[in-house]
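In order, the protein sequence lines correspond to chains Z and V. To convert, count from 1 in the first sequence and add 1327; that's the numbering used here. To convert, count from 1 in the second sequence and add 130; that's the numbering used here. Where a beta carbon is used, it is the ideal one built from N, C-alpha and C, also for glycine. Predicted, not measured: the structure shown is a model, and the values here were computed from it.
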Amino acid sequence: MKSTAHAFKANANRALKDDQLQQALAKAKDGFVLKRAKAFEHYPEFERLREHGKRIKDHTLAHLDHYLERFEEQVKARGGHVHWAETEQEAREIIVGICRKHKARSVTKGKTMAGEEVSLNEAIEEAGIEAVETDLGEYIIQLAKEPPSHIIAPAVHKTRQQISELFDTHHHKGALKAKLREVPELVNEARGVLRSKFLASDVGITGANFLVAETGSMFLVTNEGNGDLTHTLPPVHIAIAGIEKLVPRMEDASALLRLLARSATGQDASCYTTMVTGPKREGDPDGPEEFHIVLLDNGRTRMLGNQFREMLRCIRCGACMNHCPVYSAIGGHAYGWVYPGPMGSVLTPMFVGLDGTKDLPNACTLNGRCQSVCPVKIPLPSLLRDLRQQQFEAGLVGKSTRWGLGIWGFFARRPGLYHWASGLGMRLLGRLGRRRGRFSSLPMAGAWTGSRDFPAPQGKTFHQLWKQRKESGQ
Amino acid sequence: MTENRSSSAGKRVGLFPTCLVDLFRPSVGFATVKLLEDAGYSVDVPDGQTCCGQPAYNNGDDERARGLARQVIEAYRGYDYVVVPSGSCGGTIITHYSEMFRNDREWQDAAMELAGRTWELTRFLREVAQVESLQANYTGKVTYHDSCSGLRELNIREQPRQLLTGVTGLELREMADTDVCCGFGGTFCVKYPEISERMVSNKVENIRQTGADTLLAGDLGCLMNMAGRLQREGVPVKAYHVAEILAGIDDTPAIGEGETR
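See below:
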């Protein structure tokens, strides 16, 4: 996917002024936060399980080469095909190649963020093949020709009114005059449209939530059952997954599943949890004739060798963005690439590069709420700060910040001079603001005073007053 | 006057006033001094320090941050305790200094030794000074904002509330989302003023919903941000640092209030 992260500020400011978006975000935020909190209220093991989840992932990442090979062997032993994609281009070529080989005309898709990462839909459509998203949210944004704005709720930025209008345009040619419709009505309508697509599909493409090395299985978690219809109905199933989705054993996947659903939607378990192990076997009532798994690197191995390895623990629950006050204010599209919110602000610079994503690590107050809810304890604020440090070293920090830090640092490292100069400055500012106690505007402080008053200093600095107190012998 | 059961006699506290308190609101520093002295500690403030270095650290300028950290480590050698009326600056000293020196064993040891003596004010009062009751009065309906660094890096949550129950006349009203960031975030608020404005507006709305007439918090940065927005929106809520109320210094004009209101 092409990044617009370089335009973060403009994207964010547009989002702040978008009333429909703000309405949708306000509604979504509390739901996610409350549901998650409630789920863990009845799950006292959470803290221990988090630590366990972290260890499972850390162990797997430390021995990723071993487990990847094991996984490949197991998939092959069960009659499946394993493909290695180092880049997004390779992933596209592999998948389009399989579709072509089977002379596919129509492809149904379960939601896959790895697929978004490699711009899979565009590649399939360029090859003259229809690609139909079957996750309701993903289907909605496909109609709207937009990327997802959230990793588990791709259309969370859309209001019911907007969805009614989209369905009216695409399903009824505008005949309903964009009447606001109830949720069940919209869901049933999408279900009807998608049913015929499922039945006509030549290839089903899904993501994968976990890959199990010991059995060559993959887990697929959905709430709509669309993942199952995507993988069982067409003759060919292709799954695409980042290499960090691996876990050693079945029970490790089981432990992480407990964390995933609760963290993501506040459910004990998602409505559908599907385990796929190879293609249809003899005697199986259904399932694909062929099973392919595309293991995507796309920059992940680069992260294995440094502190950003911790980010590869991510199980894509979305809790960090649900609890991020910045995400709640601007929504996912402002971040400009596949992954939004705190996890995206770490991943996007990793995948897209430091330059062109400069705002992402900075547009964060380092308040730490994301880390406190992360089911695998990723230290997101530290990683964001580390990216700021890399930006600073690479000379990517703006002149005003650099100069500001330089001047401030010059004084701050010279306490005598600092106390003298700040004493003078505060006396002046204190005198100017004494009557009203604050300023509604101040030269050079427009970024503050544009939206809030600036409290005036009390006048003398603490150090001056402390010196006075000591001299007077109190 | 404070009752306490600890053996504070003769213990020396080095107060780290924080740069914002030093520059903008010395009354918070003196309130802290009063609370510590009432608890039986002798308090001093070394000259040779200015700021903990967090602005540099959070902007990725590690070299400059380390310079300031060394300055703080040097200035506060020898005190039994170092007390900070801020979870943010406290968090920098307690949790981040040792990270800054991860490639410098000698300074990392010094950083960790300092971290072992350094306390955020309300936690110090509860857990070291073991302050049980205060003789302070404040007539008002108060809501308390949990500043993020204190809350998540230093586990400051119950301590200020426990101390506030000892203030006669004070009624605490919890706001919704009290643990959600106010949008200050150091330089964040001026780098992304529009996003910050939305965040602080949400906070102001939550404060307003409580019907409180006073806002308290343990960090001056967050307080200046929230007070500034409350005043811009014309919401009649006074903002004080929690130390000021605990020390009974409410005759000082609230943050952003002048001689004429």
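- Taking the C-beta atoms as reference points, Y274 of chain V is found nearer than 9 Å to T308 of chain V.
- About 4 Å separates the beta carbon of S279 of chain V from that of S218 of chain V, a gap short enough to meet the 8 Å contact definition.
- If the five residues before and after A1441 of chain Z are omitted, its C-beta is found closer than 7 Å to the C-beta atoms of G1534, I1567, A1568, G1569 and L1623, all from its own chain and listed in chain order.
- In this chain, the beta strand (DSSP E) harbouring E250 of chain V covers T248 to E250.
- Judged by DSSP secondary structure, L1622 of chain Z falls outside any alpha helix (DSSP H) and instead within the beta strand (DSSP E) spanning E1617 to L1623.
- By the neighbour-count definition (other C-beta atoms within 10 Å, threshold 16), D349 of chain V is a buried residue.
- If you check the CB distance, D234 of chain V and Y209 of chain V do not come in under 9 Å.
- The alpha-carbon separation between T1600 of chain Z and I286 of chain V amounts to approximately 39 Å.
- Note: P1782 of chain Z is bridge-paired with Z:R1765 in the DSSP secondary-structure output.
- Relative to the Cα of K1403 of chain Z, the nearest Cα in the group Z:A1454, Z:A1540 and Z:T1592 belongs to Z:A1540.
- Boundaries cannot be given for E1609 of chain Z, as no beta strand (DSSP E) includes it and DSSP labels it neither H nor E.
- For a cut-off of 8 Å, the C-beta gap from L281 of chain V to R253 of chain V is around 11 Å, too long to register as a contact.
- Taking a contact to require three or more Cβ pairs closer than 8 Å, the region 1369-1380 of chain Z and the region 1670-1683 of chain Z do not qualify as touching.
- Below 8 Å, enough C-beta pairs join the region 1701-1712 of chain Z and the region 1632-1639 of chain Z to call them touching: three or more.
- Taking a beta-carbon distance threshold of 9 Å, K1336 of chain Z counts as an interface residue toward chain V.
- Secondary structure at D174 of chain V: strand, using DSSP grouped into helix, strand and coil.
- Per DSSP, reduced to three states, the secondary structure at F1373 of chain Z is helical.
- At least 9 Å separates the CB of P366 of chain V from every CB of chain Z.
- Non-local beta-carbon contacts of T269 of chain V in its own chain, meaning distances under 6 Å to residues more than five positions away in sequence, involve G299 in chain order.
- For the C-beta of S1768 of chain Z, not a single chain V residue is nearer than 9 Å; the gap to the nearest is close to 11 Å.
- In this structure I1383 of chain Z is not in contact with V1548 of chain Z, their Cβ atoms being roughly 17 Å apart against a cut-off of 8 Å.
- Within the region 1779-1793 of chain Z, the residues whose Cβ lies closer than 9 Å to some Cβ of chain V are R1779, D1780, F1781, P1782, A1783, P1784, Q1785, G1786, K1787, T1788, F1789, H1790, Q1791, L1792 and W1793, listed in chain order.
- For Q1717 of chain Z, the closest C-alpha among the options Z:T1692, Z:P1784 and Z:G1680 is that of Z:G1680.
- Between the alpha carbons of T162 of chain V and Q184 of chain V lies a distance of about 21 Å.
- For the pair T1461 of chain Z and G1437 of chain Z, the CB atoms are nearer than the 9 Å cut-off.
- The contact set of M354 of chain V on chain Z, defined by CB atoms closer than 7 Å, consists of P1782 in chain order.
- DSSP places L300 of chain V in the uninterrupted beta strand (DSSP E) bounded by V297 to L302.
- Between the C-alpha atoms of V158 of chain V and A377 of chain V there is a straight-line separation of about 9 Å.
- Residues of chain Z whose Cβ lies closer than 8 Å to the Cβ of S157 of chain V are, in chain order, Q1785.
- Ranked by how close their Cα comes to the Cα of C319 of chain V, the residues V:L353, V:R291, V:E335 and V:E301 have V:L353 in first place.
- Taking the C-beta atoms as reference points, L293 of chain V is found nearer than 9 Å to R256 of chain V.
- As for any beta strand (DSSP E) of minimum length 3 sitting wholly inside the region 1425-1495 of chain Z, the runs are 1433-1436 and 1457-1460, ordered along the chain.
- For T1549 of chain Z, the enclosing beta strand (DSSP E) covers residues S1544 to T1549.
- Restricting attention to V:D192, V:V372 and V:Q361, the CA atom closest to the CA of S1778 of chain Z is found in V:Q361.
- Counting only Cβ-Cβ distances below 7 Å, T1486 of chain Z has no contacts in chain V at all, with the closest Cβ about 18 Å away.
- Annotation: the region 1675-1763 of chain Z contains the following complete segments of the alpha helix (DSSP H) (minimum length 4 residues), in chain order: 1686-1689, 1696-1700, 1707-1720, 1726-1739 and 1742-1760.
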